[in-house]
Amino acid sequence: MSKQHYDAKRYWLLILAATFLFGSTFPSSKIVLSEMPPLWAAVARFLVASAGIAPILLWQRLHRRHAASQRRPWGILILIGLLQTAGSMGFLNIGLRSTTPAKAAILMACTPLIVALMSRLALKEKIHPLAAVGLALAFFGVAMCIGLNKLDGFGAGDALVLCGAACWAASTLVVKSSRIAINVWVLTFWQMLIGSAFLALLAWAVGEAPALPHGDRALIAFLWLALPATTGAMALWFMALELGGAVRTSGFLFLSPLFATLISFAAFGYSLSLHELAGGVLIGIGIYLVSKRPDAAGRPHALPADGKA
251 MSKQHYDAKR YWLLILAATF LFGSTFPSSK IVLSEMPPLW AAVARFLVAS
301 AGIAPILLWQ RLHRRHAASQ RRPWGILILI GLLQTAGSMG FLNIGLRSTT
351 PAKAAILMAC TPLIVALMSR LALKEKIHPL AAVGLALAFF GVAMCIGLNK
401 LDGFGAGDAL VLCGAACWAA STLVVKSSRI AINVWVLTFW QMLIGSAFLA
451 LLAWAVGEAP ALPHGDRALI AFLWLALPAT TGAMALWFMA LELGGAVRTS
501 GFLFLSPLFA TLISFAAFGY SLSLHELAGG VLIGIGIYLV SKRPDAAGRP
551 HALPADGKA
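Letter by letter, the sequence shown follows residues 251 to 559 in my numbering.
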């Protein structure tokens, strides 16, 4: 098996696993938020997720003592934590107070388009016309899955959610352009811990009372949300960014709403309508077009999960 073929297979596995886990956060969050306020739910989620990575970091520290002496790029780690965890989740949860989940999902699905625009403006990346068509088709596919008939204007909550999407896009470009030479588990741990600290300050500032899930169903959903759907998803996402470009990799985020719909169908008996099936087809076509043309620019250089360069 050639290295190129192996890398392509690994890339697809990482993307499918990460977007599936990202998609599972929607039904899980719906259950968790029935018993927890939104900002403290995010704080607890990322703190538990960080704690879940701690044993991995301890194992790596004991087996690779040279890694402990490496200097941390704290400026980049803080920036990524502020953008990917505090910024995207903070804006999203606050925005959800005055907008609908359907509109929020569509606006968050704009992330790949924002990445493409930022890459063009900030990094001078060229976007192949085929990839641009694919991004547009996938976006309209997401809109069809959610239901265009549920949109009714653009308010303050919508603007906040769009800011969350912009934060996620900016974080993607920071990871890509900084060429951060750090173990992917270390990167995931610190950006989540830093982001959760800022979210805690925000929750305290707006007067939210801290709470934990008390029902068995909400507790199970919270543990899934905090560990596989957060710890696992973000680590897999950073690994995928290491192998692929920012525009190409972010284009696959359109799979998350599709996975969320399928999981909701399996978990809650939600029935798929004709326009949702049509939207799924558009998402598939769009992602195929995006995957045909990788980014021309260089790839980020976060170290792999095993810590080897």
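Think of the CB as a built atom: it goes at the ideal place given N, C-alpha and C, for glycine as much as any other residue.
Between the CA atoms of residue j and residue i - distance to the nearest angstrom
{"i": "P379", "j": "W309", "result": "46 Å"}
{"i": "A409", "j": "E492", "result": "30 Å"}
{"i": "I281", "j": "L371", "result": "39 Å"}
{"i": "K253", "j": "Y261", "result": "Note on K253: pLDDT 45, under 50, position unreliable in the model; the coordinate value appears next. Each residue's Cα considered, the two are about 12 Å apart."}
{"i": "G487", "j": "I306", "result": "According to the sequence displayed, residue 487 carries Trp and not Gly. Each residue's Cα considered, the two are about 17 Å apart."}
{"i": "L346", "j": "H313", "result": "44 Å"}
{"i": "N343", "j": "P463", "result": "17 Å"}
{"i": "A416", "j": "R467", "result": "33 Å"}
{"i": "V436", "j": "S421", "result": "16 Å"}
{"i": "A301", "j": "C360", "result": "31 Å"}
{"i": "S348", "j": "D257", "result": "43 Å"}
{"i": "S278", "j": "F472", "result": "7 Å"}
{"i": "L357", "j": "I533", "result": "15 Å"}
{"i": "G325", "j": "S428", "result": "11 Å"}
{"i": "H525", "j": "K259", "result": "31 Å"}
Same chain only: Cβ atoms within 7 Å of residue i, ignoring 5 sequence neighbours per side
{"i": "V293", "result": "S446, L449, A450, A453"}
{"i": "A528", "result": "M394"}
{"i": "W290", "result": "A453, E458, P460, A461"}
{"i": "G548", "result": "Residue confidence for G548 is low, a pLDDT of 39 falling below 50, so the modelled location carries little weight; the figure read from the coordinates is stated next. So no residue of the chain qualifies."}
Min CB distance residue i to chain B below 9 Å
{"i": "R260", "result": "No chain B is present in this structure, which holds just one protein chain."}
Same chain, Cβ closer than 6 Å to residue i, neighbours up to 5 away in sequence not counted
{"i": "I272", "result": "For the sequence presented, residue 272 should be read as Phe rather than Ile. For F272, where only same-chain residues beyond five positions count, the Cβ hits under 6 Å are A483, S506."}
{"i": "A510", "result": "G273, F276"}
{"i": "W440", "result": "L327"}
{"i": "L387", "result": "L532, I535, G536"}
Endpoints, alpha helix (DSSP H) assigned at residue i
{"i": "P288", "result": "288-313"}
{"i": "V456", "result": "Note, V456: premise wrong, no alpha helix (DSSP H); not H, not E."}
{"i": "T480", "result": "T480 -> no alpha helix (DSSP H), and no H or E assigned at all."}
{"i": "S278", "result": "253-282"}
{"i": "S369", "result": "361-372"}
{"i": "S427", "result": "406-428"}
{"i": "N343", "result": "338-345"}
{"i": "L327", "result": "324-330"}
C-beta atoms of residue i and residue j nearer than 9 Å
{"i": "A419", "j": "M489", "result": "no"}
{"i": "E458", "j": "P288", "result": "yes"}
{"i": "R268", "j": "T481", "result": "The sequence shown places Ala at residue 268, rather than the Arg named in the question. No, they are not a contact pair."}
{"i": "G536", "j": "V383", "result": "yes"}
{"i": "I303", "j": "A485", "result": "yes"}
{"i": "M442", "j": "T335", "result": "yes"}
{"i": "V424", "j": "L508", "result": "no"}
{"i": "R498", "j": "V434", "result": "no"}
{"i": "I444", "j": "L327", "result": "yes"}
{"i": "G405", "j": "A354", "result": "no"}
{"i": "I330", "j": "F502", "result": "no"}
{"i": "F504", "j": "V392", "result": "yes"}
{"i": "G465", "j": "G414", "result": "no"}
{"i": "G337", "j": "K426", "result": "no"}
Nonlocal neighbours in the same chain, by C-beta distance under 8 Å from residue i, ignoring five residues either side
{"i": "S284", "result": "A468"}
{"i": "S500", "result": "T361, P362, V365, A366, A419, T422"}
{"i": "Y538", "result": "G384"}
Exercise for review: Decide yes or no for the touch test of the region 354-365 against the region 472-483: beta carbon pairs closer than 8 Å, at least 3 of them.
Suggested key: no
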